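Contents: one structure, followed by commentary.
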Ligand SMILES: [Zn+2]
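Residue numbers (this note's numbering): 577 to 695.
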């Protein structure tokens, strides 16, 4: 098993992740296995540069398969009697620096992404 954190190109990988490169591009560029990259970083959330158009029910369309995508919510989940079954994914209380904001509900897709923060 390869531990990419010991690899001499690790700093470059870190830079590309921070710059928001899609994982496929990084895999193609370095020739590392996607699995090894995910393992080394503990995940690789895709970054989209365009802010999604949010529908009235708080959902949006997946940029990959155009299936419905739901927002990922962090923090304590407070039950809302007016909205007992919200269209959102609950991610719990642990917030890292690289959390997805959206997740596709398509079974074959499951694409997760966050929106590039400008400035
Ligand atoms: Zn999708």
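C-beta atoms are modelled at their ideal positions from N, C-alpha and C, and glycine is treated no differently. Values in this document were obtained by computation on a predicted structure and should not be read as measured data.
**Asked** Beta carbon of residue 690: closer than 7 Å to some heavy atom of ligand 1?
**Response** no
**Request:** Run the CB neighbour count on residue 689, radius 10 Å, all protein chains shown included, and call it buried at 16 or more, exposed below.
**Result:** buried
**Asked** Taking residue 632 as the reference, which of 626, 647, 666 and 623 has the closest Cα?
**Response** 647
**Request:** Tell me, to the nearest whole angstrom, how far the beta carbon of residue 589 is from that of residue 599; I am working on the premise that it is less than 8 Å.
**Result:** Not quite, the Cβ-Cβ distance comes to about 11 Å (not below 8 Å), so this is no contact.
**Message:** Taking the beta carbon of residue 654 as the centre, do at least 16 other beta carbons fall within 10 Å, making it buried, or is it exposed?
**Reply:** exposed
**Message:** To the nearest angstrom, how far is the alpha carbon of residue 667 from that of residue 616?
**Reply:** 21 Å
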